[in-house]
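Here is the structure we will look at, set down as structure tokens.
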Ligand code: SF4
């Protein structure tokens, strides 16, 4: 007999609250990732960090529009040293924005310099390669695998100790596209390979008693990325680990599809309760990434950074130009963060479908609309006065603030 897939749902599964996986809090300067803190928004500047003034301006701009941790790249020792000036300038002219930088194992000296100046270092396990490419090789024996693991541990040790002793953080950032050869030969080009690659580095850190870790499992293909994050979440649970996860889809591209692709990956996992910090990577200027992050978090009810608008799609019953009115209502009220406002085309289905909005603007009869406070109809007014009357109602309730 076929069973309906939802037949087994119990009451708890109908609960509409997203229950986030329990993770340990990891401090990155004055921001905390995990530990039940709001999901943190990240992005990255494009500036050359040798340009201190340009970098400070770019970091400041991203931070002002809501980016809570800013990433930079440090390809050379000169770039690493420049971070000191960037941090100093930020503290003097703005505030101490938490910064994360990528480092490569060939530049351990660079990594140690970087760790002195900023709050978090990102390493990519796939770049910790110690053997020369050998096209004849088809496998790694267990002892070869472990031997390289030991070399990785030795290489990373000074960085781990530096971060540990300063109370700073590390992101173990695995990328599907850059898994090390020995991982590929042993586990394949799979989510399992990505997870094992991360866990190897986690164990090295834990051995040195360093646990300020955040893990990412990025891939450019959304199903791979989702599978890898779900798997590491499950594996950590089995192993008694509780590191926060940084979510992202790499090379998502630009425009509408780039945003949808990022959302498909990030939101799916967040809805599962997986993820403590996110970055939407777009092939556009970095400030374009921040509104997408906030929209994902707002839509899932994880953070409220703007007014939540509900509007019907309109149909033959619609009594006014819905698109135009929604635009007018939004322009008048978009600064009232925290409110839920609905614009519905008719009273037949509108009031019932307003999804418990705080205020409703509903078509009543031709030329007239009704204003609602939650489910209660407050007054009927001519359509031309609708937006003004809505503002008056919000003011009368003491919830209005000037833009
Ligand atoms: S609320 Fe009314 S106007 Fe809007 S889609 Fe539903 S039935 Fe149509």
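Numbering (full-length UniProt numbering), first residue to last: 1 to 403. C-beta: ideal position from N, C-alpha, C; glycine also.
Residue 306 to residue 327 span [Cα, whole Å] = Here the question's residue 306 lines up with position 306 in the chain shown. Here the question's residue 327 lines up with position 327 in the chain shown. Roughly 15 Å between the two C-alpha positions.
request  = Kindly indicate which three-state DSSP category residue 5 falls into: helix, strand or coil?
outcome  = Walking along the chain shown from the start, residue 5 turns up at place 5. Unreliable positioning characterises residue 5 in this predicted model, as indicated by a pLDDT of 49, which lies under 50. The coordinate reading is nonetheless provided below. DSSP places residue 5 in coil when its eight states are reduced to three.
ask   = What span of residues does the alpha helix (DSSP H) with residue 265 cover, start to end?
value = As a first step, residue 265 must be located in the chain shown, where it is residue number 265. Per DSSP, residue 265 is one residue of the alpha helix (DSSP H) stretching across 255 to 271.
inquiry  = Just to confirm the assignment: which complete alpha helix (DSSP H) runs, minimum length 4, are found wholly within the region 339 to 393?
reply    = Correct list: empty.
request  = Measure the alpha-carbon distance for residue 75 versus residue 82 and round it to whole angstroms.
outcome  = As a working mapping, residue 75 is identified with position 75 in the chain shown. As a working mapping, residue 82 is identified with position 82 in the chain shown. About 11 Å.
Continuous beta strand (DSSP E) stretch holding residue 100: start and end = The residue you call residue 100 lines up with position 100 of the chain shown. For residue 100, the enclosing beta strand (DSSP E) covers residues 99 to 103.
Neighbourhood of the ligand SF4 [Cβ distance below 5 Å to any heavy atom], ordered by chain position = The filter returns 312, 315, 317, 318, 344, 345, 346, 349, 350, in chain order.
ask   = Can you give the beta carbon distance from residue 274 to residue 245, rounded, assuming they're within the 8 Å contact cut?
value = The count along the chain shown starts at 1 and reaches residue 274 at position 274. The count along the chain shown starts at 1 and reaches residue 245 at position 245. Going by Cβ atoms, the distance from residue 274 to residue 245 rounds to 6 Å, so yes, they are a contact pair.
ask   = What runs of the beta strand (DSSP E), each 3 residues or longer, lie entirely inside the region 194 to 223?
value = Every unbroken stretch of the beta strand (DSSP E) spanning 3 or more residues and falling wholly within the region 194 to 223 is given here in chain order: 213 to 218.
key: Residue nearest to residue 268 in terms of C-alpha spacing, selected from 222, 313, 241, 252   = Here residue 268 refers to the residue found at position 268 when the chain shown is read from its first residue. Between residue 268 and the set 222, 313, 241, 252, the nearest pair of CA atoms involves 222.
task = List the endpoints of the continuous beta strand (DSSP E) containing residue 309.
result = Reading the chain shown from its first residue, position 309 is the one you call residue 309. Taken as a continuous stretch (DSSP letters only), the beta strand (DSSP E) holding residue 309 covers 308 to 311.
ask   = Where do the ends of the alpha helix (DSSP H) carrying residue 160 lie?
value = Mapped onto the chain shown, residue 160 falls at position 160. Counting along the chain, the alpha helix (DSSP H) containing residue 160 begins and ends at 142 to 166.
Expected contact under 8 Å - CB spacing of residue 345 and residue 317 to nearest Å = Residue mapping note: residue 345 aligns to position 345 of the chain shown, counting from 1. Residue mapping note: residue 317 aligns to position 317 of the chain shown, counting from 1. Contact between residue 345 and residue 317 holds: their C-beta atoms lie close to 6 Å from each other, under 8 Å.
message = Using DSSP's beta-bridge definition, name the partner residues of residue 175.
response = Walking along the chain shown from the start, residue 175 turns up at place 175. According to DSSP, residue 175 bridges with 218.
request  = For the region 134 to 146 and the region 83 to 101, state whether three or more C-beta atom pairs, one from each stretch, are separated by less than 8 Å.
outcome  = With the cut-off at 8 Å, the region 134 to 146 and the region 83 to 101 do not touch.
inquiry  = At the level of alpha carbons, what is the spacing between residue 20 and residue 212?
reply    = Taking the chain shown and counting its residues from 1, the one referred to as residue 20 is at position 20. Taking the chain shown and counting its residues from 1, the one referred to as residue 212 is at position 212. If I take the Cα positions, the gap works out to 19 Å.
key: According to DSSP, residues forming a beta bridge with residue 245   = Within the chain shown, numbered from 1, the residue matching residue 245 stands at position 245. By DSSP's assignment, residue 245 forms a beta bridge with 215.
query = Between residue 18 and residue 300, is the Cβ-Cβ spacing less than 8 Å?
reply = Sequence index remark: in the chain shown, residue 18 carries index 18 (1-based). Sequence index remark: in the chain shown, residue 300 carries index 300 (1-based). In this structure, the beta-carbon distance from residue 18 to residue 300 falls below 8 Å.
Three-way DSSP call (helix, strand, coil) for residue 295 in this model = By one-based count along the chain shown, residue 295 stands at place 295. Residue 295 sits in a helix when the DSSP states are folded into three classes.
ask   = Got a sec? Which residues, its chain only, sit under 6 Å from residue 264 by beta carbon, not counting five neighbours each side?
value = Within the chain shown, the letter at position 264 stands for residue 264. Here the set comprises 222.
request  = Give me the Cα-Cα distance between residue 215 and residue 319, rounded to the nearest whole angstrom.
outcome  = Numbered from its first residue, the chain shown carries residue 215 at position 215. Numbered from its first residue, the chain shown carries residue 319 at position 319. Distance between the alpha carbons of residue 215 and residue 319 is about 51 Å.
task = Kindly confirm or deny that the region 92 to 106 and the region 120 to 130 touch, where touching means at least three C-beta pairs closer than 8 Å.
result = Contact holds: three or more Cβ-Cβ distances are below 8 Å.
inquiry  = Beta-carbon within less than 6 Å of residue 36's beta-carbon, same chain only, minus the 5 sequence neighbours each way: which residues are those?
reply    = As a first step, residue 36 is located in the chain shown; it is residue number 36 there, counting from the start. The beta carbon of residue 36 lies closer than 6 Å to none in the same chain, with the five residues before and after it left out.
query = Apart from the five residues just before and just after residue 336, which ones in its own chain have a Cβ nearer than 8 Å to its Cβ?
reply = On the chain shown, position 336 is the one that residue 336 refers to. These residues qualify, in order along the chain: 307, 394, 399, 400, 401.
key: Cβ-based neighbour list, residue 340, same chain, cut-off 6 Å, excluding 5 preceding and 5 following   = On the chain shown, residue 340 is found 340 positions in, with the first residue counted as 1. For residue 340, where only same-chain residues beyond five positions count, the Cβ hits under 6 Å are 308, 357, 358.
query = Can you tell me whether DSSP reads residue 27 as helix, strand or coil?
reply = Residue mapping note: residue 27 aligns to position 27 of the chain shown, counting from 1. Here residue 27 sits in strand by DSSP.
task = Mind reading off the beta-carbon distance from residue 343 to residue 371? Whole number of angstroms is fine, and I expect it under 8 Å.
result = For the purposes of this step, residue 343 is taken as the residue at position 343 of the chain shown. For the purposes of this step, residue 371 is taken as the residue at position 371 of the chain shown. Going by Cβ atoms, the distance from residue 343 to residue 371 rounds to 11 Å, so no, they are not a contact pair.
query = Cα separation between residue 407 and residue 381?
reply = The shown model of the chain, from 1 to 403, leaves out residue 407, and the question about it has no answer.
message = For residue 324, report the span of its beta strand (DSSP E) as first-last.
response = Residue 324 sits at position 324 when you count from the first residue of the chain shown. For residue 324, no beta strand (DSSP E) run applies; the uninterrupted alpha helix (DSSP H) run containing it begins and ends at 322 to 333, by DSSP.
Neighbourhood of residue 33 by C-beta, 6 Å cutoff - its chain only, sequence neighbours within 5 removed = The residue you call residue 33 lines up with position 33 of the chain shown. Hits under 6 Å: 26, 40, 214, 244, 276, 277.
key: 8 Å Cβ shell around residue 1 - same chain, five flanking residues per side excluded   = Numbered from 1 along the chain shown, position 1 holds the residue referred to as residue 1. Because residue 1 carries a pLDDT of 44, less than 50, the predicted location of this residue cannot be relied on, and the following value inherits that uncertainty. Excluding residues up to 5 positions away in sequence, nothing lies with its Cβ nearer than 8 Å to the Cβ of residue 1 in the same chain.
ask   = Beta carbon of residue 42, beta carbon of residue 68: below 8 Å?
value = Within the chain shown, the letter at position 42 stands for residue 42. Within the chain shown, the letter at position 68 stands for residue 68. By the CB criterion at 8 Å, residue 42 and residue 68 fall inside the cutoff.
query = Which partner residues of residue 42 appear in the DSSP bridge assignment?
reply = Numbered from its first residue, the chain shown carries residue 42 at position 42. Paired residues: 69.
task = Evaluate residue 51 with the Cβ neighbour count: other Cβ atoms within 10 Å of its Cβ, from every protein chain shown; 16 or more gives buried, anything less gives exposed.
result = For this step, residue 51 is matched to residue 51 along the chain shown. Exposed is the label assigned to residue 51, since fewer than 16 other Cβ atoms lie within 10 Å of its Cβ.
ask   = Helix, strand or coil: how does DSSP classify residue 277 here?
value = Counted from its first residue, the chain shown places residue 277 at position 277. Strand.
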